[in-house]
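Protein sequences, first through last, are from chains A and B. For what it's worth, the working numbering labels the leading residue of the first sequence as 1, then goes sequentially. For what it's worth, the working numbering labels the leading residue of the second sequence as 1, then goes sequentially. All C-beta atoms, glycine included, are put in the ideal place defined by N, C-alpha and C. Notes follow once the structure below has been shown.
Number of protein chains: 2
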Amino acid sequence: METREIIIDLLGSDLGPQEMLEGARLVLEDFPDVNVVLAGPRDLIEAAGLPEGRYRILEANRTVTNLDNPIEAFYSKEPVSVFRALEEAGSCSSVIGVINAGNTGALFAGAIRFLLADRDVRPCIAAILPTTKGGFTCLVDTGASIDCGAQQLVQFAHQGTDLMRKLYKLESPRVGLLSNGAEPTKGNKLVKEAHGLLSREEGINFIGNIEGNKTLSGECDVLVCEGFAGNQVLKNSEGMAVNLITEIIKYGKTHNVPAAMEIAGYLMSRFDFASLGAGIMLGTRKVVVKSRGSCKRTAIRNAAQILINLADDKTIYESID
Amino acid sequence: METREIIIDLLGSDLGPQEMLEGARLVLEDFPDVNVVLAGPRDLIEAAGLPEGRYRILEANRTVTNLDNPIEAFYSKEPVSVFRALEEAGSCSSVIGVINAGNTGALFAGAIRFLLADRDVRPCIAAILPTTKGGFTCLVDTGASIDCGAQQLVQFAHQGTDLMRKLYKLESPRVGLLSNGAEPTKGNKLVKEAHGLLSREEGINFIGNIEGNKTLSGECDVLVCEGFAGNQVLKNSEGMAVNLITEIIKYGKTHNVPAAMEIAGYLMSRFDFASLGAGIMLGTRKVVVKSRGSCKRTAIRNAAQILINLADDKTIYESID
């Protein structure tokens, strides 16, 4: 069997290619059966001193920043790392997936061009988030499809259902629709229309609207929303977790409560959004994991674990309790 | 000087009129200079044994539930408590404001009919939320204006600016726009359009986009968003605070860490969304406070405190640190 490869796009993350390279080093250390393909500047990669025979290079010096137009970059003559990575994933059988921490729009455009599984289904980006019941909810979409239509929300419901069925062996994943109230009459125009469609859709176990304070309550296995709202849920959940943990540490210091550090540490592992917040692209022929722009080397290592588990149809995280 | 009155709409809350009546009792106990006007069923109110001379009754047996059509209820022949409350507030000089915990759409429709401050400006519902820097951010809109346009977001920016200037004596409140990325190119169609308008708007200290993980970071004094997104921010922040506090208590029990209760108690007071999440209607001639549907009696008492402070142009909450 040929060695399986993971492509890591070194460019586009907030902390720069060196941090991504250190992430690649951790991947090679922790997964001896997997090699990496590094998309980025050749000189940087060669200077990193990674173990010989464990990596190959896709040379590319250009990236797409959040200020660039992804479509314009797409037609650039200079090789762009994210597009090289996705093209290679599409054409090379040993590659099991791609890790990227750059511009979402560029990743999305490239995935549609090189990795689409079904010509009629747009991909989306899901996240698997920890619920208070100890399990996980698949939030979809988390920001790739902004201003999308009701039919697309139905598509997200199917994509999320497939994922949770595959990963967690759920027979009939419960699908909730993010809204501003539990009643079917609540919602913006898009949500009201999607509510009607989901209620009639076959193959979907639709349980109705879910309010913002119940997103991580474990009431549904798949939480469907348009990308702008999903991005708010993901980032707001993360932001609040960070806020409360910071408050606990401050309180522990000012009130001399040593146990505060222990509790903060526990919460940090339980609500580890740096890794948990990683986006999983659905609807592609290979696994694509979208790490946060600010991700550190350990998050890249964790993204590789997610990617390998997905490629093997294994659960990404273990349930708690 | 005539005694100032607060109208409390007894109907429409999740816990029923008895809990609202107990809230009214706390208001009368804690604010001896203020009387209450109770909108609801006469027999219930008379049976409550509230102090004589401290209350009067607006008889109304009908409410608007979340399953009703607010507009239809508006033309009902039977008196509806929320409309009676708002009409009385509009016509009676001794009334300083209204507290309601029922259907937002009905409250909104009634406020437009009876209490509009400026015929050309739609009201909105703001919330004052605690930031990690110890101050407060005014989130506007929190769910009254769903599917609104970019011009309305500009209006929210003005309304929030006026409120924070008045309450916290800020000379030039910093206005942020909720988006899915910090860069001006990020956002849905509405947010991109609003970004352009806000950048050019006079009288607004616009500081750009704010991402979902920074909503309570204290980077802005006013956070502008469309009602559906604002509702997510409000409820998601609350939900995550509840989730983490619940985890802390569980951890304290299973790992025998008594300090966990102390820390949970501190966080509950610091991120007290039951009271802090109260909606404040902007753009009305009298103060209207929208309590959460699930609010308990103490939240009604706290809503009265907010209402009195607003009527007196005083800060609602004191800054921390």
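| Check | Outcome |
| --- | --- |
| Inter-stretch contact (C-beta, 8 Å, three-pair minimum) for the stretch 134–141 of chain B and the stretch 102–114 of chain B | no |
| Option in GLY181(A), LYS314(A), THR131(A) and ALA304(A) with minimal Cα separation from MET20(A) | ALA304(A) |
| Best match in SER199(B), PHE228(B) and PRO184(B) for proximity to ASN69(A) [C-alpha to C-alpha] | PRO184(B) |
| Identified DSSP bridge partners for ARG56(B) | VAL37(B) |
| CA nearest to the CA of ALA241(A), picked from LEU129(A), VAL224(A) and ARG301(A) | LEU129(A) |
| Whole-Å CB distance - MET164(B) paired with ASP221(B), under 8 Å assumed | 5 Å |
| Paired residues, beta bridge with ALA126(A) - DSSP | VAL140(A) and ILE280(A) |
| Status (buried if at least 16 other CB within 10 Å, exposed otherwise) for TYR55(B) | buried |
| Coarse secondary structure for GLY293(B), derived from DSSP in three states | coil |
| Member of ALA194(A), LYS192(A) and LYS290(A) whose CA lies at the smallest distance from the CA of ALA101(A) | LYS290(A) |
| Reduced DSSP category for PHE271(A) - H, G, I as helix; E, B as strand; rest coil | coil |
| Inter-residue Cα distance where the pair is ASN35(B) and GLY160(A) | 54 Å |
| Terminal residues of the alpha helix (DSSP H) in which PHE114(A) lies | 104–114 |
| contact_flag[the stretch 200–209 of chain B, the stretch 164–180 of chain A] where n(CB pairs < 8 Å) is 3 or more | no |
| Own chain partners of ASP321(B) with C-beta closer than 7 Å, once the 5 adjacent residues on each side are dropped | Caution applies to ASP321(B), whose pLDDT of 42 falls short of 50 and renders its modelled position unreliable; the value that the coordinates give is listed next. Within the same chain, ASP321(B) has close Cβ partners GLY134. |
| Span of the alpha helix (DSSP H), counted from its first residue to its last, around SER179(A) | Premise fails: SER179(A) lies in the beta strand (DSSP E), 174–179, not in any alpha helix (DSSP H). |
| Nearest residue (CA-CA) to THR3(A), options ALA24(A), LEU267(A), CYS92(A) and SER217(A) | CYS92(A) |
| Local conformation of VAL95(A) per DSSP, three classes | strand |
| Beta-ladder partner(s) of GLU2(B), from DSSP | Per DSSP, none; premise fails for GLU2(B). |
| Short CB-CB distance (under 8 Å) between ASN80(B) and chain A | As written in the sequence, residue 80(B) is Val, which differs from the Asn given in the question. Cβ-Cβ to chain A under 8 Å: no for VAL80(B). |
| Separation of LEU153(A) from VAL175(A), as counted between CA atoms | 11 Å |
| Cβ neighbours of VAL95(A) in the same chain (closer than 7 Å, five flanking residues each side left out) | GLU5, ILE7, VAL37, GLU88, ALA89 and LYS286 |
| Pairwise C-alpha distance: ILE71(A) and LEU50(A) | 33 Å |
| Neighbour flag for VAL233(B) against chain A, beta carbons, 8 Å | yes |
| Exposed unless 16 or more other CB atoms sit within 10 angstroms - verdict on ALA117(B) | exposed |
| Min CB distance LEU216(B) to chain A below 8 Å | yes |
| Backbone secondary structure at GLY203(A) - three-state DSSP | coil |
| Whether LEU15(B) touches SER294(B) by CB criterion (8 Å) | yes |
| Residue-chain proximity (ILE320(B), chain A), Cβ-Cβ < 8 Å | A caution first: ILE320(B) carries a pLDDT of 47, below 50, which makes its placement in the model unreliable, though a value can still be read off. So, not an interface residue. |
| Distance CB(GLY82(B))-CB(GLY143(B)) smaller than 8 Å | Looking at the sequence provided, one finds Val at residue 82(B) rather than Gly. Their beta carbons are not under 8 Å apart, which means VAL82(B) does not touch GLY143(B) by this criterion. |
| Rounded C-alpha distance that separates LEU178(A) from LEU58(A) | 40 Å |
| Under 7 Å (Cβ pairs) to chain B, residues found in the stretch 135–151 of chain A | GLY143, ILE146 and ASP147 |
| 8 Å Cβ shell around GLY218(A) - same chain, five flanking residues per side excluded | THR131, THR132, LYS133, GLY134, GLY135 and THR137 |
| DSSP beta-bridge partners of GLU211(B) | SER179(B) |
| Which of helix, strand or coil DSSP assigns to LEU28(B) | helix |
| Cβ shell of ALA73(A) (< 7 Å), same chain only, five flanking positions each side left out | VAL64, VAL80 and ALA106 |
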